[in-house]
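Asks: Below is the structure I would like to discuss, written out as structure tokens.
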Amino acid sequence: MNRGATVKSLLLRFAKLFLGFVLLSAGIAFSFVAELGLSPWDVLNHGASKVMPITMGQASIIIGLVILAYDVFSKERIGFGTFLNILCIGPLFDVIIALRLIPSAETMPGRLLLLAIGLVLVTLGMYFYMSADLGAGPRDTLMVVLTKRLPFPIGVCKLGVEMVAVALGFALGGSVGVGTLISVVAGGPLTQFFFRLFRYDPTKRKNETMSETLQTLRAAFTKQPEGAQAQESGASL
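Residue numbers (the numbering used here): 7 to 243.
See below:
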């Protein structure tokens, strides 16, 4: 593959990664505006913030780092997407909420519709950013680790992980609403449905590590010796 094609392929993968982040953040925002309860992981963040002198945001970072440590210990490949997930989702969510891009709903059917849209967008966002093969966020990587190690499909593993997160959060004093329960029950099957629809199996894909991405860029932008260039031109002919 020549330099131009290599750079173009990498740029397209990063574009796919960020499209996934936008969809994921929008989905979280839809669920937030629905006001039917915290998301499964936020229940745990809320509970942790009640028993420790930290905010929900700080709890999210700490829990994410703990899970990331387990992912690394499990020898999962950590890429740029892993850390960009941590850095981008929150700010994108804040922008969407600050700009009031999502209308609120006063009736229960309207709020349930917002929640449903949110769940679909979150799942689509997961597919797009994870299938870029640049690394998944700590929690999604955990889901993949369990799918590899247990005899259950990814939807069941996601359901199990989020049930544990909600149970722990609730035990610590975290707030649970009807939207939380719907998210837990529907999130796993939706993930499994869309991943199968797009024929995407994260357990069979190989994420590119940060060092591999940097090596790809270095190789693309490093000037080749004239002999190597002539050899490459001859091969293309």
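Where a beta carbon is used, it is the ideal one built from N, C-alpha and C, also for glycine.
Apart from the five residues just before and just after Leu174, which ones in its own chain have a Cβ nearer than 6 Å to its Cβ?
Replies: If we look at Leu174 and ignore the five residues flanking it on each side, its Cβ neighbours are Leu50.
Asks: On the CB-based measure, 16 or more other CB atoms within 10 Å of its CB, does Phe199 come out buried or exposed?
Replies: exposed
Asks: In whole angstroms, give me the CA-to-CA distance for Lys210 and Val78.
Replies: 18 Å
Asks: Give, in chain order, every unbroken run of the alpha helix (DSSP H) that is at least 4 residues long and sits entirely within the stretch 128-165.
Replies: 144-155
Asks: From Ser239 to Ala11, what distance separates their C-alpha atoms?
Replies: Unreliable positioning characterises Ser239 in this predicted model, as indicated by a pLDDT of 48, which lies under 50. A coordinate reading is not provided.
Asks: So Phe36 and Leu90 are supposed to be a Cβ contact under 8 Å. How far apart are they, rounded?
Replies: With 8 Å as the limit, Phe36 and Leu90 do not qualify as a contact, their Cβ atoms being about 22 Å apart.
Asks: Is it true that the CB of Arg83 sits closer than 8 Å to the CB of Lys164?
Replies: no
Asks: For Leu178, which option in Val184, Thr219, Val170 has the closest C-alpha, if you only look at C-alpha atoms?
Replies: Val170
Asks: Using 8 Å as the cut-off, can you tell me whether the stretch 19-37 makes contact with the stretch 150-169, which would need three or more C-beta pairs spanning the two stretches below that distance?
Replies: no
Asks: What whole-angstrom Cβ distance do Leu125 and Ser189 have, given they're in contact under 8 Å?
Replies: 6 Å
Asks: Rounding to the nearest angstrom, what Cα-Cα distance links Ile123 and Lys81 in this structure?
Replies: Per the coordinates, the alpha-carbon of Ile123 lies some 34 Å from the alpha-carbon of Lys81.
Asks: Roughly how many angstroms separate the alpha carbons of Gly43 and Tyr206, rounded to a whole number?
Replies: 30 Å
Asks: Run through DSSP, which three-state label would Ala32 get?
Replies: Three-state DSSP puts Ala32 in a helix.
Asks: For Gly1, I'd like the list of residues in its chain whose CB is within less than 7 Å of its CB, leaving aside the five on either flank, ordered along the chain.
Replies: The shown model of the chain, from 7 to 243, leaves out residue 1, and the question about it has no answer.
Asks: Sort Leu93, Phe99, Ala40, Ile73 by Cα distance to Pro115 and report the nearest one.
Replies: Ala40
Asks: Check the C-beta distance from Ala54 over to Ile69 and give it rounded, since I have them as a contact under 8 Å.
Replies: 7 Å
Asks: Can you give the beta carbon distance from Ile103 to Phe38, rounded, assuming they're within the 8 Å contact cut?
Replies: 7 Å
Asks: Determine the burial state of Pro157: buried for a count of at least 16 other Cβ atoms within 10 Å of its Cβ, exposed for fewer.
Replies: It counts as exposed.
Asks: Express the C-alpha separation of Gly131 and Gly63 in angstroms, rounding to a whole number.
Replies: Straight-line measurement puts the Cα of Gly131 at about 21 Å from the Cα of Gly63.
Asks: May I ask which residues mark the beginning and end of the alpha helix (DSSP H) holding Arg106?
Replies: Element bounds for Arg106: n/a, residue is neither H nor E.
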